[in-house]
Amino acid sequence: VIEQAGIPVVSIDELTGFPEMMDGRVKTLHPKVHGGLLARRDLDTHLQSMRDHDIKPIDLVVVNLYPFEATIAKPGVTEPEAIEQIDIGGPSMVRSAAKNHASVAIVTEPGQYRALLDEMATNDGATTLGLRKQLASSAFAQTGAYDAMIASWLTRNDASVPQTMPIALRRHDELRYGENPHQSASVYTQIGAPAGTLLDAEQLHGKPLSYNNINDASAALELVRAMARTSPGAFNTCVVKHTNPCGAASADSCVEAIDRAIAGDPLAAFGGILASANPIDRAGVERITADGTFFEIVIAPGYEPDALELLKSRWKNLRILRVQAQDAGQPAPITRELKFIPGGALVQERDLIVPDHSQWVHAAGPAPTPEQLDAAAMLENMCRALSSNAVLIGGIDPESDSKAVRLFGAGAGQMDRVASCRGAVQKAGELSKGAIAFSDAFFPFDDGPTILIE
Numbered sequence: 023v024i025e026q027a028g029i030p031v032v033s034i035d036e037l038t039g040f041p042e043m044m045d046g047r048v049k050t051l052h053p054k055v056h057g058g059l060l061a062r063r064d065l066d067t068h069l070q071s072m073r074d075h076d077i078k079p080i081d082l083v084v085v086n087l088y089p090f091e092a093t094i095a096k097p098g099v100t101e102p103e104a105i106e107q108i109d110i111g112g113p114s115m116v117r118s119a120a121k122n123h124a125s126v127a128i129v130t131e132p133g134q135y136r137a138l139l140d141e142m143a144t145n146d147g148a149t150t151l152g153l154r155k156q157l158a159s160s161a162f163a164q165t166g167a168y169d170a171m172i173a174s175w176l177t178r179n180d181a182s183v184p185q186t187m188p189i190a191l192r193r194h195d196e197l198r199y200g201e202n203p204h205q206s207a208s209v210y211t212q213i214g215a216p217a218g219t220l221l222d223a224e225q226l227h228g229k230p231l232s233y234n235n236i237n238d239a240s241a242a243l244e245l246v247r248a249m250a251r252t253s254p255g256a257f258n259t260c261v262v263k264h265t266n267p268c269g270a271a272s273a274d275s276c277v278e279a280i281d282r283a284i285a286g287d288p289l290a291a292f293g294g295i296l297a298s299a300n301p302i303d304r305a306g307v308e309r310i311t312a313d314g315t316f317f318e319i320v321i322a323p324g325y326e327p328d329a330l331e332l333l334k335s336r337w338k339n340l341r342i343l344r345v346q347a348q349d350a351g352q353p354a355p356i357t358r359e360l361k362f363i364p365g366g367a368l369v370q371e372r373d374l375i376v377p378d379h380s381q382w383v384h385a386a387g388p389a390p391t392p393e394q395l396d397a398a399a400m401l402e403n404m405c406r407a408l409s410s411n412a413v414l415i416g417g418i419d420p421e422s423d424s425k426a427v428r429l430f431g432a433g434a435g436q437m438d439r440v441a442s443c444r445g446a447v448q449k450a451g452e453l454s455k456g457a458i459a460f461s462d463a464f465f466p467f468d469d470g471p472t473i474l475i476e
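Sequential numbering of the sequence shown, starting at 23, is according to this note's numbering.
Okay, structure coming up:
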């Protein structure tokens, strides 16, 4: 392409006097390349070595690394195919040029071309140290992220805890502010992460997502996907506020799942995030847009065309997201989660176990029916999504002809479990009678269960 543009080109084997070999694996790893990049122009000994070995100085390097990220994103890619896209010579040249940025400019992405050209035009073909240092910093970040992505991919099926955990992040968007208006914020994607996360969603309508929007929307999406893994044939919907579900339902139709999820706590649902594991039809959107409702975000893997237009027309600022449909039988692809703390991070396996009531132990009281056990398994997903201490009351909805399972009320984020029990009972009201109570941890005393029983 460069040659076709009329720019003189010298092939690498002409420069090195050594043939490219091993299917291109060995071509730029040569002293005439790296000597020209690394030689210090202010040291006579370096300059003499260059003259002795006929090494020409290289002032500008532009490198596009092999597309490893795009390769591993292809469905069905084999390990040999991916390994062939691990660049060796490219990162080596990048690092050599970046180390010697006192004399060499290194460009690693097309977004840098304009700044480089403008500076060269201003400085009669030269670059300033300030720009070269900036480019070098970006170059080291690029090669570091590239290596981290490769290391992460090679250990993707390794359940052991690694001694070092490289993490490669790329800025996805700059946000208006963080959790509070005085905090600056950005959102980053993990380079090489499997597709299908919230950050891969297509925004179809509305204002840009905020820091809190992204946090809440991710929690909502994770919950409905967990519900779908438990009951893949059902319609699964939740409403989330401040990362906690205030309503969630699994039903036989889209509209019923949405209606019963909103019924979990209509007051809290106002201004919340509604997520569906299933495409949303016209009837579902009519329930979402009914009088007395308001949502910040609606998330689904798809929308009927007329349903989408109705949703857009209801609120001009409503954020509508279309996410990748996920096979309910397929486990979530990201298996570890990190929580950054000052000076480090906590790492744990994600809680991805699909509830299985056949493994439960009947400890006391009348034996539950199969329907109750199935409902309890669904409620376990909802309880996991609550902030601890968490107690949830739910079950088969008495107002549902199809026996939809839904959350009746929840107590979450309390410093003692007794308060969570009181909160769940208060939210559930009369529906708590004969319902199912779920706690996210054990009861050390009988005070909490007493509240639930009474």
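Here a beta-carbon is modelled for each residue, glycine too, at the ideal position from N, C-alpha and C. For clarity, every value in this text was computed on a predicted model and none was experimentally measured.
By the 16-neighbour rule on beta-carbons within 10 angstroms, Tyr135 is exposed. Just measuring C-alpha positions, the residue of Val116, Lys449, Leu360, Ser114 sitting nearest Val183 is Leu360. Remark: C-beta atoms of Ala426 and Asp287 do not approach each other more closely than 9 Å. Between Asn339 and Gly228, the CB-CB gap stays under 9 Å.
Pairing Asn403 with Leu220 gives a Cβ-Cβ distance that is not under 9 Å. Listed in chain order, the alpha helix (DSSP H) runs fully inside the stretch 354–434 are 392–406, counting runs of at least 4 residues. At least 9 Å separates the beta-carbon of Ala291 from that of Arg247. Rounded to the nearest whole angstrom, the CA to CA distance from Tyr88 to Gln164 is 12 Å. Residue pairing by DSSP places Gly306 opposite no residue, since no beta bridge is assigned to it. By DSSP's assignment, Val32 forms no beta bridge with any residue.
As the crow flies, the alpha-carbon of Ile128 is around 6 Å from that of Val84. By the beta-carbon neighbour count (other beta carbons within 10 angstroms, threshold 16), Val32 is exposed. When only Cα atoms are considered, Arg444 and Asp462 end up about 15 Å apart.
Per the DSSP secondary-structure output, Tyr210 pairs in a beta bridge with Arg193. No Cβ-Cβ contact shorter than 9 Å links Thr130 with Leu138. Pairwise C-beta distances place the stretch 303–316 out of contact with the stretch 447–460, as fewer than three of them are shorter than 8 Å. Counted as a single uninterrupted DSSP element, the stretch harbouring Ser275 is not any beta strand (DSSP E), since DSSP gives it neither H nor E. In the DSSP annotation of this structure, Gln225 is not part of any alpha helix (DSSP H); the continuous beta strand (DSSP E) holding it starts and ends at 224–227.
Minimum Cα-Cα distance from Leu37 among the listed residues Lys49, Gln346, Arg358 corresponds to Lys49. Burial is judged here by how many other beta carbons sit within 10 angstroms of a residue's own beta carbon; Met400 has at least 16 and is buried. Residue range 90–94 is occupied by the alpha helix (DSSP H) that includes Phe90. According to DSSP, Ala459 shares a beta bridge with Ile415. The residue among Pro466, His56, Ile77, Asp64 with its C-alpha nearest the C-alpha of Pro113 is His56. At a Cβ-Cβ threshold of 9 Å, Ala217 and Ala322 do not count as neighbours. When secondary structure is reduced to three states using DSSP, Ser159 falls in the helix class. Excluding five sequence positions before and after Asn235, the CB atoms of its chain that fall closer than 8 Å to its own CB belong to Ile295, Glu318, Ile319, Arg341, given in chain order. Between Glu224 and Arg344, the C-beta spacing is below 9 Å. Assigned with DSSP and collapsed to three states, Arg341 falls in strand. Unbroken beta strand (DSSP E) stretches of 3 residues or longer found wholly inside the stretch 234–295: 257–263, 266–273, given in chain order. Considered as a whole, the stretch 48–108 harbours 82–84 as its complete beta strand (DSSP E) runs of no fewer than 3 residues, in chain order.
DSSP places Ile321 within a strand segment (E or B) once states are collapsed to three. For Ser335 and Phe465, the gap between their C-alpha atoms comes out near 48 Å. Leaving aside the five residues that flank Gly166 on each side, the residues in its chain whose CB is nearer than 8 Å to its CB run, in chain order, Pro188, Ala190.
In terms of CA proximity to Ala215, Thr177 leads the group Ala250, Gln205, Leu231, Thr177.
In the structure shown, Ile475 falls within a helical segment according to DSSP collapsed to helix, strand and coil. Residue range 127–129 is occupied by the beta strand (DSSP E) that includes Val129.
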